[in-house]
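Residue numbers (my numbering): 751 to 1160.
Just so you know, even glycine gets a beta-carbon here, dropped at the ideal spot from N, CA and C.
The structure appears below as structure tokens.
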Ligand SMILES: Cc1cc2nc3c(=O)[nH]c(=O)nc-3n(C[C@H](O)[C@H](O)[C@H](O)COP(=O)(O)OP(=O)(O)OC[C@H]3O[C@@H](n4cnc5c(N)ncnc54)[C@H](O)[C@@H]3O)c2cc1C
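This is the structure we're talking about:
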């Protein structure tokens, strides 16, 4: 691991700010494409990627009015298995990909009516859904409470062990010779209308032909980005529990359960190693990451309402993370100016924006799912190729046309 301070006057083809799953996946894939890459992250241990539940759930995340997001999430799901297989191949570590689907459970008749409305919408979008009465739900998951009202099986959702996945990405990135700098990027450097590197907190600079900002919910802290864009990414707090089976206890779940209990959502995600994730709150509390007694109580209460045996599991960990939320719940992936829209690599077009500056942030509730396709899109931009058309609605330009003039420039 490089010591702090060795990076002064480092130069590279690409500098990636942020080492969550988004930045790490990008750095790995960019290095694999032959680029010389430096990744900068202070490694404070607060990345959302390490807190997440790891659901790969385009179907049960599909909500009214979010058709473009659904399309990119479906693209992401399709890509995930080959990306994970490559990662497992390169590192020799399993990432815990599971494909059993999601069982959505409605606790009472009101919850069921809401689930049916969502199911009709998801079917109208071409997504597979199988309605089940309470008995059929319990045939699939024998530990469900007998009084749950009913449910819907969404076979098109999967999950991954996000901590194993993040660790494997890091290992793959290191094996691909990405250089890691343990520091915080304070701003993007620019000259002659081009990004040309980043400034870091200890006073050094890292020069690079292209800069990728993948700093999750902390994107607002990076100078040199337009004020509107910095304002567009906000932290959305999520508290989550990690439970564990006592020794010798057989698994209590075979697939992800997403339940609505009197209007409140809770999910339980099983892992192959016996862990069960219970999540998650959605709170607008700025950068606060405190775990509260009320959230732990509510999550356990709702989980036990649908799966009473939860009470026998060991409470192994409580944690909170900050999702990078945006006003339209969509990610921000791409660059500025006409030269950086899908179909044009940075520097290829006539745009008057800052060339060589790319954003990969705002992945909100689906950053684990979207990490492989985000890496694909950013590597396409970096190498002058067109990214997939599904990214078109998600460029930074929907929030800000050009980077802030002068701010962060040399
Ligand atoms: C409770 C919870 C449950 C979730 N469940 C799921 C799920 O089931 N499925 C799913 O797909 N997604 C889920 N998510 C969302 C997912 O975790 C995020 O979308 C994803 O982790 C975002 O990844 P990221 O790399 O952009 O950000 P992060 O993982 O937050 O990483 C950002 C990195 O940037 C670094 N950084 C910050 N500022 C700077 C700077 N100035 N310079 C350099 N580095 C910097 C940080 O140290 C950090 O390492 C969940 C999130 C939460 C909180």
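Cβ pair residue i, residue j closer than 8 Å
| i | j | result |
| --- | --- | --- |
| residue 956 | residue 788 | yes |
| residue 1024 | residue 994 | yes |
| residue 1082 | residue 1111 | yes |
| residue 814 | residue 871 | yes |
| residue 945 | residue 1135 | no |
| residue 1118 | residue 806 | yes |
| residue 1084 | residue 1144 | yes |
| residue 799 | residue 916 | yes |
| residue 780 | residue 1129 | yes |
| residue 938 | residue 877 | no |
| residue 958 | residue 840 | no |
| residue 910 | residue 773 | no |
| residue 1107 | residue 961 | yes |
| residue 1133 | residue 783 | yes |
| residue 1114 | residue 1146 | no |
| residue 1052 | residue 1026 | no |
| residue 762 | residue 1120 | no |
| residue 1020 | residue 1004 | yes |
Any non-hydrogen atom of ligand 3 within 7 Å of residue i CB
| i | result |
| --- | --- |
| residue 953 | As far as ligands go, the structure on display features ligand 1 and does not contain ligand 3. |
Cut-off 7 Å between Cβ atoms - residues of its own chain near residue i, not counting five sequence neighbours on either side
| i | result |
| --- | --- |
| residue 1007 | 853, 855, 891, 1017, 1018, 1056 and 1057 |
| residue 859 | 899 |
| residue 1038 | 987 |
| residue 1059 | 893 and 1002 |
| residue 936 | 949, 950, 951 and 973 |
| residue 883 | 900 |
| residue 925 | 840 |
| residue 1040 | 1070 |
Own chain, CB closer than 6 Å to residue i, minus 5 neighbours either side, in chain order
| i | result |
| --- | --- |
| residue 1094 | Only weak support is given to the placement of residue 1094: the predicted model assigns it a pLDDT of 40, under 50, and the question is left unresolved by the model. |
| residue 824 | 808 |
| residue 861 | 1010 |
| residue 829 | 1122 and 1123 |
| residue 1071 | 798, 801 and 988 |
| residue 769 | 789 and 791 |
| residue 929 | 788 |
| residue 1125 | 775, 776 and 779 |
| residue 847 | 834 and 910 |
| residue 1022 | 846 |
| residue 1127 | 1083, 1137 and 1141 |
| residue 907 | 807, 809, 810, 851 and 852 |
Per-residue DSSP class, three states only, for residue i
| i | result |
| --- | --- |
| residue 927 | coil |
| residue 868 | helix |
| residue 1004 | coil |
| residue 840 | helix |
| residue 1052 | helix |
| residue 1043 | helix |
| residue 1029 | strand |
| residue 761 | strand |
| residue 1073 | strand |
| residue 1131 | helix |
| residue 999 | coil |
| residue 1084 | strand |
| residue 852 | strand |
| residue 1126 | helix |
| residue 1249 | Beyond the ends of the chain as shown, which are 751 and 1160, falls residue 1249; an answer cannot be given. |
| residue 1143 | helix |
| residue 801 | coil |
| residue 919 | helix |
| residue 1017 | strand |
| residue 1115 | coil |
| residue 1034 | coil |
| residue 826 | helix |
| residue 766 | strand |
| residue 1062 | helix |
| residue 1105 | strand |
Residues near residue i in its chain [Cβ-Cβ closer than 8 Å; skip 5 each side]
| i | result |
| --- | --- |
| residue 970 | 980, 981, 983 and 984 |
| residue 887 | 853, 855, 894, 898, 900 and 901 |
| residue 838 | 844, 845 and 918 |
| residue 875 | 812, 817 and 820 |
| residue 1162 | Absent from the structure is residue 1162, since the part of the chain shown begins at 751 and ends at 1160. |
| residue 1012 | 857, 858, 860 and 861 |
| residue 914 | 843, 844, 845 and 846 |
Test: residue i CB closer than 8 Å to a CB of chain C
| i | result |
| --- | --- |
| residue 835 | In the structure shown, chain C does not exist; there is a single protein chain. |
### Message
If contact is defined by three or more beta carbon pairs under 8 Å, each pair taking one atom from either stretch, is the region 997-1011 in contact with the region 957-973?
### Response
no
### Task
Please list the segments of the alpha helix (DSSP H) lying wholly inside the region 768-799, counting only runs of 4 or more residues, in order along the chain.
771-782
### Query
At which residue ranges does the region 867-907 contain complete alpha helix (DSSP H) runs of 4 or more residues, listed in the order of the chain?
884-890
#### Entry: Minimum length 3: unbroken beta strand (DSSP E) runs contained in the region 938-990
944-950 and 955-963
### Query
At a cut of 8 Å, does the region 1065-1084 reach the region 979-994 through at least three beta carbon pairs?
yes
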